[in-house]
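I have placed the structure first, in the form of structure tokens, so that the comments after it can refer back to it.
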Amino acid sequence: MTPHPRFPLLPSPALAAAFPSSTARASSLFTFVGATPDATAAVRRVLEENDRAYDIYMRLRFAHNHFPHSALTRYALGAPPALLQATWEADRGPLVPLDPAAEPDRDGKDAVASLPHAITAANWASKTTLGVKPAYALYLTFFHSEVARLGPEGVVAQYLLSPESAGGADGPELLIRLLAGVTHPFIHLGLGLEFGDRVVLAEALACAAVHSHENNVGLFPAGWPHAPLPQSAEPNAPLLALYAALLADPRLDPGPWDPEYNLSAGMRAAVAGERAGVLQRLVARWDLSDVDAALPQLLEEAAWLATLLACGTSKPGYATRIDFFLMHVLTSSLFLAPVLAPLGATARRAVLQSYVLTIFQIALARGRPRLYPAESMSWTAAPAPKAAPAVPAPDAIGGPSSAAEQNPWLAIVANALVAKDSHVPKTIRALLHYSQLYGGTPAGGVPGAGAVGGHMLDGTLFVRAAGRVMDATGWQAAGERERNWDRSGLGWDAVWDKPGWQPPRGSTTGETAARPVDGKL
């Protein structure tokens, strides 16, 4: 196997000299083996090096810097210090310097020259810096000081949920920005809160501040989150039933597939005309009246919907596809719990409604994909890589030669830990966590499942989905090559018959190993 290239560490600019140390520690919500004092020290060190030397965006300040996501996810799954270091050396190649003057973005040096000397409490909401990517280092410096001053809970309340953080159409609207970019700033915030890391928390707020919200601001009422959603005359319903209503509403028809489609255009189209109001009234039907008492069930509803959107939207009779952007619905859903934990009831309602509006918008932008729960439940509940099995001792009970006698999660986690693409371990950790929480759910016990034809759904969905993710992206620890997520827009029927599309290779199941003719098997 060819080793990944190792990239040298960039020096830290003078502006980062007073940046704080990482406070990352084992997750308070996700329990798994492997955390050690040495691993904690290693993850703190690499997070500090990233924070002090690198921007939140990669080359041309377009794609996000995922390294904190990668490091904390692998740490949570038991990565030892050597693997954390190897991941850091491999991941930092496409990153850009924290100081924007060292490598200006696509807007050039003029954008850097127009930045203020510093971001302060007096100017942080200025339109001259909000949504301006080269301002990230200035916002990061500011939010490091604000996290130190207010503490994690205080800074979230002040900058995401206070009236000053919204301010109507002319305000900073930081909560809306937090959910832009296919939820990347929200994921960053959740990681900072889950792992108790003030460094990552400050990065998340700075990321939200420099994020454009032009693709999602039209999704929310003016003055959000301090203005309510318009109410619906329809009865309340669980999330899966609300998604069924989304699928059935002709006003939310995404229209025909466009070969020139891009995600930004799709996100804007999803809220054009009357669609934003339709989505708002739909989400208002999710019963949050007693949000504190109902929170465990609300989080469970989000877990089932997110899993099916990411992994249960592949059309039966075709090779399995897992949509890259719907996958972010699954990985971001994991962070509802840590984000909501310190909040009061009013703030919890605002975050939950904001999040569900966002994932419904993403679903519309991906062609309003149907859910196929029966297809998902037909996948094996004992997924494993195609590799020569070890030979057990004669007196062993069972053994690796029989998938039915193994814990499939052990191989899944081992392969996810070394996956090149950090989205793989992020997806697997979400599914593993949901299996821990809801794996014992019997058929008939999934809230709202009947509305999407999911009477057969049970707690094995999560391991079945995890196996399918590994089939689609490659069991790399077992020697398979990395494979890509699907970006075709699988909600549109036309993309399934698109000539030339090739299925994943080396799958553990027949239908994904086969080669389709014009997409069909």
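Everything in the sequence shown is counted per UniProt numbering, starting at 1 for the first residue and increasing by one.
Each residue gets a CB set at the ideal place from its N, CA and C atoms; glycine is no exception.
A quick note: this is a predicted structure, and the numbers were derived from the prediction, not measured.
How about residue 40 and residue 67: do their beta carbons lie closer than 9 Å?
no
If you pair each beta-carbon of the stretch 141-148 with each one of the stretch 196-209, do three or more pairs fall below 8 Å?
Between the stretch 141-148 and the stretch 196-209 there are three or more C-beta pairs closer than 8 Å, enough to call the two in contact.
Using the DSSP secondary-structure output, state which residues sit across from residue 97 in a beta bridge.
54
Can you give me the Cβ contacts of residue 204 inside the same chain, cut-off strictly under 7 Å, excluding the 5 residues immediately before and after it?
185, 188, 189, 192
Within the continuous alpha helix (DSSP H) that includes residue 164, where are the two ends?
163-166
Classify residue 423 as helix, strand or coil using the three-state DSSP reduction.
Looking at residue 423 - three-state DSSP - the assignment turns out to be helix.
Closest to residue 376 by C-alpha separation, out of 259, 311, 217, would be which residue?
By alpha-carbon distance to residue 376, the top candidate from 259, 311, 217 is 311.
Using 8 Å as the cut-off, can you tell me whether the stretch 152-161 makes contact with the stretch 301-308, which would need three or more C-beta pairs spanning the two stretches below that distance?
Under the three-pair Cβ rule at 8 Å, the stretch 152-161 does not count as touching the stretch 301-308.
Measure the C-alpha to C-alpha separation of residue 77 and residue 219 and round it to an integer number of angstroms.
Between residue 77 and residue 219, the C-alpha separation is close to 35 Å.
Going along the chain, which residues of its own chain have a beta-carbon closer than 6 Å to the beta-carbon of residue 445, five neighbours each way excluded?
none
Identify whether residue 261 lies in helix, strand or coil by the three-state DSSP scheme.
Assigned with DSSP and collapsed to three states, residue 261 falls in coil, not helix or strand.
Is the separation between the beta-carbon of residue 417 and that of residue 83 shorter than 9 Å?
Residue 83 sits close to residue 417, with the two beta carbons spaced by under 9 Å.
Hey, quick one: how far does the alpha helix (DSSP H) through residue 304 stretch, first residue to last?
291-311
Whose CA, out of 178, 466, 214, 176, lies closest to the CA of residue 327?
466
Coil, strand or helix - residue 253 by DSSP:
coil
In whole angstroms, what separates the C-alpha of residue 354 from that of residue 287?
14 Å
Within a Cβ cutoff of 7 Å, which residues of the same chain sit near residue 19, ignoring the five residues on either side of it in sequence?
51, 52, 144
Can residue 342 and residue 464 be called in contact, C-beta distance under 9 Å?
no
To the nearest angstrom, report how far apart residue 293 and residue 284 are at their CA atoms.
Roughly 18 Å between the two C-alpha positions.
In this structure, what does DSSP give as the bridge partners for residue 323?
For residue 323, the beta-bridge partners assigned by DSSP are 486.
Those runs of the alpha helix (DSSP H) which lie wholly inside the stretch 356-418 and span at least 4 residues
373-377, 408-417
Tell me which residue opens and which closes the alpha helix (DSSP H) that residue 176 is part of.
Start and end: 174-178.
Beta-carbon contacts of residue 119 that lie in its chain and below 6 Å, excluding the five residues immediately before and after
Cβ within range, chain order: 138, 139, 142.
If you run the structure through DSSP and keep just helix, strand and coil, what is residue 226?
coil
Which residue or residues does DSSP assign as beta-bridge partners of residue 64?
57
Return the CA-CA distance between residue 362 and residue 114, expressed in angstroms with no decimal places.
Take the alpha-carbon of residue 362 and the one of residue 114: they are about 34 Å apart.
Secondary structure at residue 456, three-state DSSP: helix, strand or coil?
coil
Of the residues 368, 346, 156, which one's Cα is nearest the Cα of residue 226?
346
With C-beta atoms as the reference, is residue 65 less than 9 Å away from residue 54?
yes
What is the rounded straight-line gap between the Cα of residue 297 and the Cα of residue 386?
Spanning the alpha carbons of residue 297 and residue 386 requires a straight line of approximately 37 Å.
DSSP three-state assignment for residue 449, whether helix, strand or coil:
Looking at residue 449 - three-state DSSP - the assignment turns out to be helix.
Report the three-state DSSP secondary structure of residue 344 (helix, strand or coil).
coil
Would you mind reading off the limits of the alpha helix (DSSP H) that contains residue 188?
184-194
Taking residue 359 and residue 339 to be in contact with their CB atoms under 8 Å, please state how far apart those CB atoms are, rounded to whole angstroms.
Not confirmed; about 14 Å, so no contact.
What separation, rounded to the nearest whole angstrom, lies between the Cα atoms of residue 224 and residue 173?
Their Cα atoms are separated by approximately 8 Å.
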